[in-house]
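For reference, the structure is listed below as structure tokens.
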Amino acid sequence: MIFKRVGDGKPYPEHDTGLRAWSELPPRQIRLDELVTTKRTLNLETLLADDSTFYGDLFAHVVEWRGELYLEDGLHRALRAALQQRPVIHARVLLLPDTEA
């Protein structure tokens with residue numbers, strides 16, 4: 001098992017967090033088996049590309065909501081880590097309040 005669960009979409013409320021706000025969150029180590037993905041598919045070419053993390057944030061983006069850690073951005077990084085037998089990735093974690101919709 002690589003991830004806790006493979007999800008399909010973002011079950012948490014929209015947060016409109018921009019890149020600047022993400023960059024202010026300190027990265028921390030997250031175990032892959034604690035993550036729920038928000039995408040069911042990936043692009044194999046992106047996964048195998050040498051420069052796939054060249055653009056954008058160096059760290060994965062994770063949303064913590066209702067006790068779950070959702071991998072919002074960084075699926076390819078996480079899978080590369082798993083293929084290299086690394087059980088953790090460095091990610092920025094955004095904590096969303098548990099509000100009822």
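Per the UniProt record's numbering, the very first residue in the sequence shown carries number 1; after that it's consecutive.
We put the beta carbon where it would ideally sit given N, CA and C, even for glycine.
By the neighbour-count definition (other C-beta atoms within 10 Å, threshold 16), residue 21 is an exposed residue. In the structure shown, the three-state DSSP call for residue 64 is strand. At least 8 Å separates the beta-carbon of residue 78 from that of residue 19. Counting other Cβ atoms within 10 Å of its Cβ, residue 41 stays below 16 and is therefore classed as exposed.
Judged by DSSP in its simplified three-state form, residue 34 adopts helix. Contact between residue 10 and residue 38 is confirmed by a C-beta separation of about 5 Å, below the 8 Å threshold.
The residues 38, 61 and 63, in chain order, have a CB closer than 6 Å to that of residue 72 in the same chain once the five nearest residues on each side in sequence are set aside. Beta-bridge partners assigned by DSSP to residue 91: 28 and 60. Per DSSP, reduced to three states, the secondary structure at residue 40 is coil, with no helix or strand assignment. Within the model, the alpha-carbon separation for residue 16 versus residue 97 is close to 14 Å.
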